[in-house]
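**Q**
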Amino acid sequence: MTEQSASGAGAVLVVGGGISGLTAALEAAEVGRDVFLIEKNPYMGGRVAQLNQYFPKLCPPSCGLEINFKRVKNNRRIRVYTMTQVKSVSGSAGSYEVTCETLPRYVNNNCTACGDCAEVCGDERVDDFNFGMGKTKAIYRPHEMSFPMKYVLDKNACSRDTLQKIKDACKYDAIDTEMEAKTFTINVGSIVWATGWNPYDPTKMTNLKYGESNAIITNMQMERLASPNGPTNGQILRPGDNAEPASFAFVQCAGSRDENHLEFCSYICCMASMKQITYIRERYPEAPIYVFYIDLRTPGKYEKFREKLMADANTHFIKGKVADIIPEGDGGTVVAEHAVTGDKVQQKVDLCVLATGMEPAIKTQASALGLEVDSNGFVVSNADKGMISAGCAKKAADVVTSAQSATAAALKAIQAAK
0 MTEQSASGAG AVLVVGGGIS GLTAALEAAE VGRDVFLIEK NPYMGGRVAQ
50 LNQYFPKLCP PSCGLEINFK RVKNNRRIRV YTMTQVKSVS GSAGSYEVTC
100 ETLPRYVNNN CTACGDCAEV CGDERVDDFN FGMGKTKAIY RPHEMSFPMK
150 YVLDKNACSR DTLQKIKDAC KYDAIDTEME AKTFTINVGS IVWATGWNPY
200 DPTKMTNLKY GESNAIITNM QMERLASPNG PTNGQILRPG DNAEPASFAF
250 VQCAGSRDEN HLEFCSYICC MASMKQITYI RERYPEAPIY VFYIDLRTPG
300 KYEKFREKLM ADANTHFIKG KVADIIPEGD GGTVVAEHAV TGDKVQQKVD
350 LCVLATGMEP AIKTQASALG LEVDSNGFVV SNADKGMISA GCAKKAADVV
400 TSAQSATAAA LKAIQAAK
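Heads up: the sequence shown runs through residues 0 to 417, numbered per numbering that gives the first Met the number 0.
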């Protein structure tokens, strides 16, 4: 473990390399500030990189991320650190000392992403980018658009023989199995916390039976199934048996608006499900779809989008909170009480999608880092202290709102950095 240091007068640290972090870093750097951009994953892009499409134009992730990656790469004021997290923060606005730790990638900057290493690798690991729906080689590129364009080695998933084969296959001497974690300090004037969100853990909602059947998935898993670079190359197939589902259910507010789980509305879940209905309709034009909801939140211009989908005769909207899902070998039965008619509904479907809510990713570490959070774990901005939150670290938000929030955060961070 080595110790380094870096500093810049009036520099800004951006924690998180998703769409919010990238936006904040670029906005600050392009007006002349030095920026340190750190990300805990081996790649930039955050949750947006895992989407099939995002609003308002239903663009693929490449639409917004590729241009930002190019801007970051070409801006010498931005220093990028992947596989890196903040360990401690001390100081005050205008003069913070931040200790960070970078975990070993076991692949150095000689890597050209040629793929020769993966060709000879016989060991595998669970594919976390695809939420466990499949495996990758133990040495892998996180996804086809990943930035930086370098492979990552999961050393713990490799046998000694495989490690040697990987090293021998690399003609660029890019494999370093002795690489160690590095600790370093950064001196900055302000910090933008753009640490993003995690899907709420669906196993906590025991009545929804996630994990007991391959027919019960989350909304983020649906995004990966529909993505051309996903585990099924864009086909929406039931995990496990790869069957083509003949019917679908969406369970809204899965964990949200519930004092036992997430007491707040995650805002994006209704629109995410509406968007995913369009994915299904592209592939299964006649499949019946059942949407179980408490309320539908489709603000502003999205009302037209909702109205079009609700006019579909094969898409059924049931106002009622799901009480239970009964797993079955070829799907599951969704049980709910219809709030309008009072009838008990039991609907058998081949694939059930849980619209899980958004939980701030930094929630458990916030206190140790001296961050002020609200009752739900979102970071509260304090411009006077030079601690600014952005995107889904600040509140549950969609991509457009997150980018707007990041631009505002960059301005506040510049002013606080002095």
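Just so you know, even glycine gets a beta-carbon here, dropped at the ideal spot from N, CA and C. These numbers were taken from a predicted model, which means no experiment stands behind them.
If you draw a straight line from the alpha carbon of K274 to that of C99, how long is it in whole angstroms?
**A** Going by the C-alpha atoms only, they are around 38 Å apart.
**Q** Assign S158 to buried or exposed, taking buried as 16 or more other Cβ atoms, counted over all protein chains shown, within 10 Å of its Cβ.
**A** Flag for S158 reads exposed.
**Q** Considering only the beta carbon of each residue, do N478 and D167 sit closer than 8 Å?
**A** Residue 478 falls outside the range modelled here, since the chain spans only 0 to 417, and no answer is possible.
**Q** Does the distance from the C-beta atom of R104 to that of M178 stay below 8 Å?
**A** Yes, these two residues count as a Cβ contact at 8 Å.
**Q** Quick one, are the C-beta atoms of V372 and W192 less than 8 Å apart?
**A** Not closer than 8 Å, so no.
**Q** Taking CB distances under 8 Å as the criterion, tell me whether D373 reaches chain C.
**A** Structure shown: chain C not included; a single protein chain is present.
**Q** Do P201 and L353 have their C-beta atoms closer together than 8 Å?
**A** In contact: P201 and L353 (Cβ atoms closer than 8 Å).
**Q** Beta carbon of N228, beta carbon of E281: below 8 Å?
**A** No. Outside cutoff.
**Q** In the DSSP output, which residue or residues are listed as bridge partners for R78?
**A** In DSSP, R78 forms a bridge with F35.
**Q** Should I37 be labelled buried (16 or more other beta-carbon atoms within 10 Å of its own) or exposed?
**A** Buried.
**Q** What residue from I361, I413 and P326 has the CA that sits closest to K393's CA?
**A** Of the listed residues, the one whose Cα sits closest to K393 is I361.
**Q** Just to confirm, are C351 and I138 a CB contact at a threshold of 8 Å?
**A** Result no, Cβ atoms of C351 and I138 do not sit closer than 8 Å.
**Q** Does the region 340-349 come within contact of the region 233-251, defined as at least 3 CB pairs closer than 8 Å?
**A** Yes: the two stretches touch, three or more of their Cβ pairs being nearer than 8 Å.
**Q** According to DSSP, is E358 helix, strand or coil?
**A** In the structure shown, E358 sits in a strand (DSSP, three-state: E or B).
**Q** Cutting at 7 Å between CB atoms, please list the residues of its own chain near Y301, excluding the five before and the five after it.
**A** Closer than 7 Å at the Cβ level, and outside the excluded window around Y301, lie M270.
**Q** Identify, in the order they occur along the chain, each residue of the same chain with its Cβ nearer than 6 Å to the Cβ of S19, setting aside the five sequence neighbours on each side.
**A** Only A193, A389, G390, S401 and A405 meet the Cβ criterion.
**Q** Bridge partners for T332 per DSSP, in chain order?
**A** According to DSSP, which records beta bridges pairwise, T332 is partnered with I325 and K347.
**Q** Give the single residue among G299, F146 and A117 whose Cα lies nearest to the Cα of T135.
**A** Among G299, F146 and A117, the Cα nearest to that of T135 belongs to A117.
**Q** To the nearest angstrom, how far is the alpha carbon of I190 from that of V85?
**A** If I take the Cα positions, the gap works out to 11 Å.
**Q** Does the separation of the CB atoms of F35 and R78 fall below 8 Å?
**A** Cβ atoms of F35 and R78: closer than 8 Å.
**Q** Buried or exposed: where does T22 fall if 16 or more other Cβ atoms within 10 Å of its Cβ makes it buried?
**A** Result: buried.
**Q** Can you check whether the CB of V97 is closer than 8 Å to the CB of I185?
**A** Yes. Within cutoff.
**Q** Considering M273, what are the terminal residues of the beta strand (DSSP E) in which it resides?
**A** Counting along the chain, M273 falls outside any beta strand (DSSP E), though it belongs to the alpha helix (DSSP H) covering C268 to R282.
**Q** Quick check on DSSP: helix, strand or coil for I317?
**A** It is a strand residue.
**Q** Considering only their Cβ atoms, is the gap separating G319 from S255 smaller than 8 Å?
**A** No; because the gap between Cβ atoms is not below 8 Å, this pair is not in contact.
**Q** Can you determine whether any heavy atom of the ligand GTP sits closer than 7 Å to the C-beta of F183, and answer yes or no?
**A** As far as ligands go, the structure on display features none, and thus does not contain the ligand GTP.
**Q** Within its chain, find whatever has a CB closer than 6 Å to the CB of D126; leave out the 5 residues flanking it on each side and keep chain order.
**A** G133, K134 and T135.
**Q** Specify, as a first and last residue, the run of the beta strand (DSSP E) that S87 falls within.
**A** From DSSP, the beta strand (DSSP E) with S87 extends over T83 to S91.
**Q** Go through its chain and collect everything with a Cβ distance to P432's Cβ below 8 Å, but skip five positions before and after it.
**A** This structure gives no information on residue 432, because the portion of the chain shown stretches from 0 to 417.
**Q** For Q251, count the other beta carbons within 10 Å of its own beta carbon; 16 or more makes it buried, fewer makes it exposed. Which is it?
**A** Answer is buried; the Cβ neighbour count reaches 16.
**Q** Pick out the complete alpha helix (DSSP H) segments inside the region 83-158, 4 residues or longer, and give them in chain order.
**A** DSSP runs (the alpha helix (DSSP H)) wholly in the region 83-158: 115-119.
**Q** So M219 is in the alpha helix (DSSP H); what residue range does that whole segment cover?
**A** Per DSSP, M219 belongs to the alpha helix (DSSP H) from N218 to A225.
**Q** When DSSP labels each residue in this structure, what does S404 get in the three-state scheme?
**A** Helix.
**Q** Classify A173 as buried or exposed, calling it buried when 16 or more other Cβ atoms lie within 10 Å of its own Cβ.
**A** That one is buried.
**Q** Here's the rule I'm using: 16 or more other beta-carbon atoms within 10 Å means buried, otherwise exposed. How should K411 be labelled?
**A** It counts as buried.
**Q** Can you give the Cα-Cα distance for Y42 and N155, rounded to whole angstroms?
**A** Cα-Cα distance, rounded: 19 Å.
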